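In full-length UniProt numbering, the protein residues as written are 1 to 550. In this text, a Cβ means the ideal position worked out from N, Cα and C, and glycines have one as well. What you are looking at is a predicted structure, and each value in this text was computed from that prediction instead of being measured.
Below, the structure is given as structure tokens:
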């Protein structure tokens, strides 16, 4: 079945032409954020009351204090107070700029397919804080009841630790400790632990070499530069801090040569065997796009022949991955290399379990096409809607490549909201120099539950205008007289008069942005395929998905 048959046709056109001002007034669809379950209200209030990093411009759940006095000794003392839960299970520790969550999901599902009880700790969450901690053989988020009971059983120890540390324990440190305590309580066989923002100076790096079976470094990119030393090299050194003495490290990549050297030098100094997911023994290809188990999927070939014997080789033909794009195929390769590494250490992992784990992995908000019913619930009936949490230049490029592979002839309208610590200009340039954009609506979404890290819609709009000028691309933006004349005095169908220009506008309302971008896209594309893309952060994606679950 072709993917086009799964996505709703956009042949219908606008029959009612309305001025922009009327359209805004008639917008009734309100997108609301997810409210944590009442049963977890006490836990959420406790976590939110802790020290965070917003005052230094670093996300409160990033996992590192940067210049704010982070001390790994705090985590070690907290672990001791909780009875050293990490000693109860083995761990795989994952760091990197991009791909951590997907790699963790792939590897967790591979192990679960073999029958292991797996704990998985990732961030951020989309709808509920419970999503950060999955346990058992089914991979479901911890239940509200189980998390609430655990919290109350260790709350006294947590409070004592906060007093002893003079109130310096952070949101992410305590949340990490709770996850480790949960995994010990649930007697998991192995835990897959995703680092926060950094690596060496990250709360998750309390894992010792005796508790670690492998480290994984997915990618190195220019994100959180200020918090991690200001250069690509300093970021690489920070991520490499998770490599432990004598324990193997899987390098995802591909990396720039000098970054690869930094990682390999660190591994050599720690006497850590290296498994590369980007070496000559790894061969992959995407053969086509279709559907698998009701979702869009890419059919791939994956062949790995490493230099460590037959246990480190695998050939998977016609592998169906529900997470799209070459970057997701690379994440699958990295997870597979990690699984082969664990197999070499004695873990029972069959080729069939690797295939099943990879094919059963899907994460919301990663190149996710909404169903026709979901689009209708958003007031976007008959539309093709894609949500993706891309928020860097590299992830924007990967998203555009995925769209090009999936729908090479499509035209786009995008709705963007971003955090204040991202490279907005580079993100805009990547989109403007890519596929044909019909409209760009810049909007706002609360970041990490507040507005202090949210970039205003007008500031984003100005970045896109600057990007278009630097690229020499003409856009029709809402600071221009012609824009106002076109949309305030005439009808929305007048967008056809400017069909060779990308429309760029700021709208504070996310629901208005979605509906107006969709109107413009459908008016311009008519019988052609248009895709409405929601992107810029996982936070705007979570708002959209939360509205579907209201």
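Mind checking residue 544: buried by the 16 CB within 10 Å criterion, or exposed? It counts as buried.
- With a CB to CB cut of under 6 Å and the five nearest residues on each side skipped, what residues in its chain are close to residue 51? Excluding sequence positions up to five before and after residue 51, its CB lies within less than 6 Å of the CB of 170, all in the same chain and listed in chain order.
Using the Cα positions of residue 411 and residue 436, report the straight-line distance between them to the nearest angstrom.
Taking the straight line joining both Cα atoms gives about 6 Å.
Extent of the continuous alpha helix (DSSP H) run through residue 293:
First-last for residue 293: undefined, no H or E at that position.
Taking the C-alpha atoms as reference points, what is the distance between residue 132 and residue 237? If I take the Cα positions, the gap works out to 26 Å.
Legend entry - Distance between beta carbons of residue 329 and residue 321, contact taken as under 8 Å: About 6 Å; that satisfies the 8 Å criterion.
Would you kindly report the start and end of the unbroken alpha helix (DSSP H) that includes residue 535? Taken as a continuous stretch (DSSP letters only), residue 535 belongs to no alpha helix (DSSP H), being part of the beta strand (DSSP E) at 530–535.
* Asked: Under 8 Å between the Cβ atoms of residue 327 and residue 193?
  -> No, they are not a contact pair.
(request) Determine which residues share a DSSP beta bridge with residue 562 and list them. (result) The chain is shown only over 1 to 550; residue 562 falls outside these bounds and no answer can be derived.
Quick one: residues in its chain with C-beta nearer than 7 Å to the C-beta of residue 30, no 5 flanking neighbours on either side, listed in chain order? Because the pLDDT at residue 30 is just 48, under 50, the model does not fix this residue reliably, and the value given afterwards should be weighed accordingly. Contacts found: 511.
Along the chain, where does the beta strand (DSSP E) that runs through residue 317 open and close? Per DSSP, the continuous beta strand (DSSP E) segment holding residue 317 begins and ends at 313–321.
Exercise. Are residue 145 and residue 41 closer than 8 Å when you measure CB to CB?
Worked result: Taking 8 Å as the cut-off, the beta carbon of residue 145 is found no closer than this to the beta carbon of residue 41.
For this session: Compare the C-alpha of residue 379 against each of 140, 315, 517, 345 and name the closest.
Result: That would be 517, whose Cα lies nearest to the Cα of residue 379.
* To do: Since I believe residue 419 is in contact with residue 537 (beta carbons under 8 Å), could you give me their beta-carbon distance rounded to a whole number of angstroms?
  => Indeed, because the Cβ distance is near 6 Å, the residues count as touching under 8 Å.
- Item | Rounded straight-line distance, which links the Cα of residue 110 to that of residue 520 | Rounded to the nearest whole angstrom, the C-alpha separation of residue 520 and residue 110 is 43 Å.
- Message: Beta-carbon within less than 6 Å of residue 399's beta-carbon, same chain only, minus the 5 sequence neighbours each way: which residues are those?
- Response: Scanning its chain for C-beta atoms nearer than 6 Å, with the 5 sequence neighbours on each side dropped, one finds around residue 399 the residues 388, 390, in chain order.
### Rounded distance between the beta-carbons of residue 207 and residue 240, thought under 8 Å
15 Å between Cβ atoms; not a contact.
Leaving out the 5 sequence neighbours to the left and right, which residues in its chain are closer than 7 Å to residue 174 when beta-carbon positions are compared? Within the same chain, residue 174 has close Cβ partners 47, 50, 158.
For the alpha helix (DSSP H) that contains residue 119, what are its first and last residues? No alpha helix (DSSP H) holds residue 119; the beta strand (DSSP E) holding it covers 118–121.
For the beta strand (DSSP E) holding residue 385, just list the boundary residues, first then last.
DSSP places residue 385 in the uninterrupted beta strand (DSSP E) bounded by 384–387.
State the CB to CB distance for the pair residue 213 and residue 247, rounded to an integer number of angstroms; the pair is presumed to be in contact (CB under 8 Å).
Between residue 247 and residue 213 the Cβ distance is about 7 Å, and since that is below 8 Å, they are a contact.
Quiz item: What do you reckon, are the CB atoms on residue 117 and residue 211 nearer than 8 Å?
Solution: In this structure, residue 211 does not lie closer than 8 Å to residue 117 by Cβ.
Q) Roughly how many whole angstroms lie between the Cα atoms of residue 108 and residue 369? A) About 23 Å.
| What are the uninterrupted segments assigned as beta strand (DSSP E) that are 3 or more residues long and contained completely in the stretch 97–152, given in chain order? | DSSP runs (the beta strand (DSSP E)) wholly in the stretch 97–152: 118–121, 133–135.
| task | Just the C-alpha distance for residue 128 and residue 470, rounded to the nearest angstrom, thanks. | result | Per the coordinates, the alpha-carbon of residue 128 lies some 40 Å from the alpha-carbon of residue 470.
Bridge partners for residue 212 per DSSP, in chain order?
For residue 212, which the question treats as bridged, DSSP gives the partners 91.
Report task. Identify every run of the beta strand (DSSP E) within the stretch 199–256, keeping only runs that are complete inside it and at least 3 residues long; order them along the chain. Result -> Within the stretch 199–256, the runs of beta strand (DSSP E) that reach at least 3 residues and sit entirely inside it are, in chain order, 212–217, 249–251.
With DSSP as the reference, label residue 444 as helix, strand or coil.
-> Here residue 444 sits in coil by DSSP.
Q | DSSP state of residue 439 mapped onto helix, strand, coil | A | If DSSP states are grouped into helix, strand and coil, residue 439 belongs with the strands.
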